[in-house]
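*Asks:* I am attaching a structure below and will ask some questions about it afterwards.
Number of protein chains: 2
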Amino acid sequence: MKTATTQRVAVIDLGSNTARLVVMEATPGYAYRLVDEIREVVRLRQGMTQDGLSDDAIDRAFSTLRMFTRFCTSTRTDVILATATSAVRDAANGRAFIDKVQQDLDLTLRILDGEEEAFYGVIGALNEVPLDGGAVLDIGGGSAQLSRIQSGRSEVGSSLTLGSLALTERFVSKDPVSAKQVKSLEQEISRQLHTIPWIDTVRDSDLVGLGGTIRNLAKIETMRQKSPLNTLHGFLLTRDSLDASIDSFIELPLAKRQRIDGLSPDRADIILAGALVVRGVFETLGVDQLTISTGGLREGLFLEHFWEHLDYPVIDDVRRFSVLNLARIYGYQKDHANHVRHLAGRLFDQLLPLHDQGAQDRELLDAAALLHDLGTIIAYDGHHKHSQTLIHYNGLAGFSRREICLIALLTRFHRKGSPDIEGYESVLNKRDGKTLTYLAAILRMAEFLERGRNACVNDVITKWDDDALRITLVADEHPAVEIWETRRNALPLMESAFGRRVVLDSMAAPLD
Amino acid sequence: MKTATTQRVAVIDLGSNTARLVVMEATPGYAYRLVDEIREVVRLRQGMTQDGLSDDAIDRAFSTLRMFTRFCTSTRTDVILATATSAVRDAANGRAFIDKVQQDLDLTLRILDGEEEAFYGVIGALNEVPLDGGAVLDIGGGSAQLSRIQSGRSEVGSSLTLGSLALTERFVSKDPVSAKQVKSLEQEISRQLHTIPWIDTVRDSDLVGLGGTIRNLAKIETMRQKSPLNTLHGFLLTRDSLDASIDSFIELPLAKRQRIDGLSPDRADIILAGALVVRGVFETLGVDQLTISTGGLREGLFLEHFWEHLDYPVIDDVRRFSVLNLARIYGYQKDHANHVRHLAGRLFDQLLPLHDQGAQDRELLDAAALLHDLGTIIAYDGHHKHSQTLIHYNGLAGFSRREICLIALLTRFHRKGSPDIEGYESVLNKRDGKTLTYLAAILRMAEFLERGRNACVNDVITKWDDDALRITLVADEHPAVEIWETRRNALPLMESAFGRRVVLDSMAAPLD
């Protein structure tokens, strides 16, 4: 995706437990991808007193930041966005620490106040999960943020000392935790949540969750479900799943908790407190599920830069952008992909009375048409399967799990094979299988009508009766390659999907 | 890998059974990859009489070639290399057919005589399997070619009417085949092989095999073995495996043969004849294995163009080129990769008395150093695993299966994880596990010594006793990032591999 204006943008996030450097390769407003990451467990909050951060913690943070800045220099980073959150914010000597970092390392470390921290988390989340109104919950190590969203923007945010690490240090001393400690945790969580003045205004609303704790709770559930996707995009964390996880965290001692499938061993000690915060929010808001956002604070900081030219740093159509971004980072062939989209759309619209699929299905078809050749970056041989793998791996922001799976399957079946939802039973049902067949038939037809990759066929005219579907190709010259390839490769699936013979002819006469 | 001089090169191969168009994206002498392919079952030989090709067969071939040429035009192909083999060569009306193709389609179809056909197969094979002296066997549909190789060049080649399809049509009429028919086949194969005047000069020599029949026999064996690799590069087809396959082909009726794992259903009818040719060659030459070449006639035609600037169109160091080609098509970061190679080589050489690995292992380390970041083209997250997958998928010409697996595993463990040959037991043994650990430790050390991606560490000085290994970094300025990252990420594996504490220091003093 390298373009003339591609930048390396680093985000440095000095949290209470962990310091992270992430580097994005980005062409603002066009496309971005993660290209490097360094994670250091700094434990900045460890040993903190009313005098502030401990000398040891300051030394650890300082060394890490020095290393980060040198890394940025040596790898020629164009932009560095560096922030510190609750530990530095809460520390009596936080300001002095920031000054020393500025002076000695020439690094401007911005302290985010609670509301700013909430804001950036929301920006990260809203660029991933479309949410017009509702609430966003972000659980970190030191603090947790709850924000109210109105008209797709962060309207008000509150920061509470409900971080997983902070709560664990304060309330959990036994292994496994005692019932009494759980009770105290729950009471404290509920108490703090009720200090939010606007809490009642987000009751029963859509909830989005972010941060490592929440991602880990989702990951545990995907392992239980044997999800076909490698991404958490669009994952719904339900109350039932949360309850099951909490029960096992309470029951198991640390050593066994560390072996839970999907749980990061270095979170096993603090995951319970975070999970109880999620449940507290569910109960306080009266909801029973949240949508995972894999984007959070760091992504929000980055995206404010990436969308700087917009009025507000959230893209209006998250789905449209996530599809384009994936196509762009894998260097798609724009002309070919756009022409396949066009033809697929024309076929879908004209054949609507026959297939009766909805507008959302048309959007899936459009996304799959844009992404169908993604896998050629791996190899031409089997590229349909590589496209499927790449979509499984990356996911697509803004789409549900069901939709991501359908898009992946459409790319899988865009040139050969019998559309089938086998292996996707945890996400798709039989009705989806029918949708897949219709859409795959249309996509395959569009692909082979653009086999010569030169937009020779510019439109289709369809006409049918009970027995036959006639498709006349509108082309400037006789589309010999397209007719040949479509007959062999696309018509059998069209015929079985639409239950009719398909007759193909061309408006332009053969040249010879 | 797009460069200013990238071309689209099409090879059209009109065979006795199948017509194929393959398109390579290539920068001659630099890198190439397959980017498109169309395969049509034309059955040119079907219905052939002494008057030549039948009218129906000519019509089918003509339509297919017209489609191929239009495809080349519409997709803006720079070079077309088109050939016809035995069916056209043997047909009384072959020349007339070629003239008509020239006139009507403006396509120059070159008829390869038997020796030329053998030559191009050999060029395809020698660019993939290093062979200084020996024999190359190419089994097609109509004919089979055997060539003698001397000093890495095709010296003499003979074409026999031992194609799988031709033999099947002539000898096999029962399903399953009768013992008598097998006997006749074996006699005819032996008879024809003994007509080659130089046959005795290649007795007991190395044998390389190519063509769809031979690839399919290998594929069946990889399925039996549950090979970790998705490629046939470097595969050895043994007499035992061949005998087992032949037994099942003889025993099973066609319908059951078609369900053999790894066998293409559209080859099930002709595979036995081809397998008997291989066995006949084994027996005539007194050998009991052959190395598979996945490259053959089409690749040879393409490579003659790709290596046009060389004295002879075979690259001298097949291994070197295959590693570079893979790196280039996936857009590797040359400076970083080369510096990791350099440091890995320095460590390997200096630590030789401790690890005692051989020159071939050093070459594997070098290849893995060049390829270690290949997977970043898929995603930064988990890129070590993506590198492994890409090597499994593509293979590496010139390397054995064991070597390809070791290179893939080295990339897998270049940044994290405990080197382990689990899942590779069919190819690697415990001793290889030890090699893997040494090489992975060295590669990981080299990678983290180049963490800042700016060649800050330009050399290492090593010194050891029974207790400790001291590594002093030679750098122009204090390599803070590299020391930090190497300590955390690379030293634990170095210490366990070399059984000593590892002490890291730097020639340049810290700057602060």
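Chains as they are written, first to last, in the numbering used here: chain U, 2 to 513; chain S, 2 to 513. Glycine is no exception: its CB is placed at the ideal position from the N, C-alpha and C atoms.
Using a beta-carbon distance cut-off of less than 9 Å, what residues from the segment 369-386 of chain S approach chain U?
*Replies:* Thr377, Ile378, Ile379, Ala380, Tyr381, Asp382 and Gly383
*Asks:* Give a yes or no on whether 8 Å exceeds the smallest Cβ distance from glutamate 38 of chain U to chain S.
*Replies:* yes
*Asks:* In terms of residue numbering, what span does the beta strand (DSSP E) encompassing alanine 92 of chain U cover?
*Replies:* That residue, alanine 92 of chain U, is in no beta strand (DSSP E); it is neither H nor E in DSSP.
*Asks:* Is phenylalanine 172 of chain U closer than 8 Å to leucine 163 of chain U when the C-beta atoms are compared?
*Replies:* no
*Asks:* According to the neighbour-count rule (16 or more other Cβ atoms, all chains shown, within 10 Å of its Cβ), is valine 102 of chain S buried or exposed?
*Replies:* buried
*Asks:* Note down, one range per segment and in chain order, each beta strand (DSSP E) of at least 3 residues found wholly within the segment 127-202 of chain S.
*Replies:* 135-140, 145-151 and 154-161
*Asks:* Helix, strand or coil for threonine 223 of chain S per DSSP?
*Replies:* helix
*Asks:* So, using beta-carbon positions, are phenylalanine 250 of chain U and leucine 273 of chain U closer together than 8 Å?
*Replies:* yes
*Asks:* Can you name the start and end residues of the beta strand (DSSP E) that aspartate 460 of chain U belongs to?
*Replies:* 458-465
*Asks:* Starting from serine 497 of chain U and walking both ways along the alpha helix (DSSP H), at which residues does that stretch end?
*Replies:* 492-499
*Asks:* So valine 503 of chain U packs on leucine 348 of chain U, CB below 8 Å; how close in whole Å?
*Replies:* With a Cβ gap of about 11 Å, valine 503 of chain U and leucine 348 of chain U do not count as contacting.
*Asks:* Please go through the same chain and pick out, in chain order, the residues whose beta-carbon is closer than 6 Å to the beta-carbon of threonine 285 of chain S, but skip the five residues on each side of it.
*Replies:* Leu194
*Asks:* Determine whether the Cβ of alanine 481 of chain S lies closer than 8 Å to any Cβ atom of chain B.
*Replies:* In summary, chain B is missing from the structure at hand, where the protein chains are U and S.
*Asks:* Would you mind listing the beta strand (DSSP E) stretches within the segment 267-337 of chain U that are 3+ residues and don't spill past its ends, in chain order?
*Replies:* 290-293
*Asks:* Answer with buried or exposed for aspartate 14 of chain U, where buried requires no fewer than 16 other C-beta atoms within 10 angstroms of its C-beta.
*Replies:* buried
*Asks:* For the segment 61-83 of chain S, enumerate the residues whose C-beta is nearer than 7 Å to any C-beta of chain U, in chain order.
*Replies:* Under the 7 Å Cβ criterion, the segment 61-83 of chain S contributes Arg67, Met68, Arg71, Phe72, Ser75 and Thr76.
*Asks:* Is arginine 77 of chain S closer than 8 Å to arginine 9 of chain S when the C-beta atoms are compared?
*Replies:* Taking 8 Å as the cut-off, the beta carbon of arginine 9 of chain S is found closer than this to the beta carbon of arginine 77 of chain S.
*Asks:* Give a yes or no on whether the minimum CB-CB distance between arginine 454 of chain S and chain U is below 8 Å.
*Replies:* yes
*Asks:* Under 8 Å between beta-carbons, which chain S residues line up against leucine 391 of chain U? List them in chain order, please.
*Replies:* Think of a sphere of 8 Å around the beta carbon of leucine 391 of chain U: the chain S residues whose beta carbon falls inside it are Ile379, in chain order.
*Asks:* Quick one: is valine 341 of chain S buried, meaning 16 or more other Cβ sit within 10 Å of its Cβ, or exposed?
*Replies:* buried
*Asks:* For alanine 498 of chain S, which option in S:Tyr313, S:Trp465, S:Arg454 and S:Thr436 has the closest C-alpha, if you only look at C-alpha atoms?
*Replies:* S:Thr436
*Asks:* Valine 315 of chain S and isoleucine 150 of chain S look like a contact to me (Cβ under 8 Å); what is the Cβ gap, rounded to whole Å?
*Replies:* The pair is not a contact, with the Cβ atoms about 10 Å apart (cut-off 8 Å).
*Asks:* Leucine 255 of chain U: buried (16+ other C-beta within 10 angstroms of its C-beta) or exposed?
*Replies:* exposed
*Asks:* Rounded C-beta distance between threonine 412 of chain S and alanine 369 of chain S? I'm assuming under 8 Å.
*Replies:* Between the beta-carbon of threonine 412 of chain S and that of alanine 369 of chain S there is about 5 Å, and that keeps the pair under the 8 Å contact cut.
*Asks:* Use the C-beta contact count for asparagine 430 of chain S: other C-beta atoms within 10 angstroms, 16 or more gives buried, fewer gives exposed.
*Replies:* exposed
*Asks:* Write down every uninterrupted run of the beta strand (DSSP E) in the segment 32-82 of chain S whose length is 3 residues or greater and which is fully enclosed by it, in chain order.
*Replies:* Runs of the beta strand (DSSP E) inside the segment 32-82 of chain S: 32-42.
*Asks:* Can you give the beta carbon distance from glycine 142 of chain S to glycine 16 of chain S, rounded, assuming they're within the 8 Å contact cut?
*Replies:* 6 Å
*Asks:* Report yes or no: do three or more beta-carbon pairs, one from the segment 293-309 of chain S and one from the segment 125-136 of chain S, lie closer than 8 Å?
*Replies:* Yes, they touch.
*Asks:* Distance check for threonine 65 of chain S and threonine 223 of chain U, CA to CA, integer angstroms please.
*Replies:* 49 Å
*Asks:* Give me the residue from S:His415, S:Ile405, S:Thr50 and S:Tyr381 with the minimum Cα distance to valine 233 of chain S.
*Replies:* Reading off the sequence shown, one finds leucine at residue 233 of chain S, where the question assumed valine. When the alpha-carbon of leucine 233 of chain S is set against those of S:His415, S:Ile405, S:Thr50 and S:Tyr381, the nearest one is in S:Ile405.
*Asks:* Quick one: is valine 130 of chain S buried, meaning 16 or more other Cβ sit within 10 Å of its Cβ, or exposed?
*Replies:* buried
*Asks:* If we call anything under 8 Å between Cβ atoms a contact, is leucine 108 of chain S one with alanine 136 of chain S?
*Replies:* no
*Asks:* Under 8 Å between the Cβ atoms of phenylalanine 449 of chain U and threonine 487 of chain U?
*Replies:* yes
*Asks:* Do methionine 49 of chain U and alanine 88 of chain U have their C-beta atoms within less than 8 Å of each other?
*Replies:* yes
*Asks:* Please go through the same chain and pick out, in chain order, the residues whose beta-carbon is closer than 7 Å to the beta-carbon of methionine 446 of chain U, but skip the five residues on each side of it.
*Replies:* Leu348, Thr487, Ala491 and Met495
*Asks:* In chain order, what residues of the same chain lie with their CB nearer than 6 Å to the CB of glycine 275 of chain U, ignoring the 5 residues before and after it?
*Replies:* Ile140, Ser165 and Thr214
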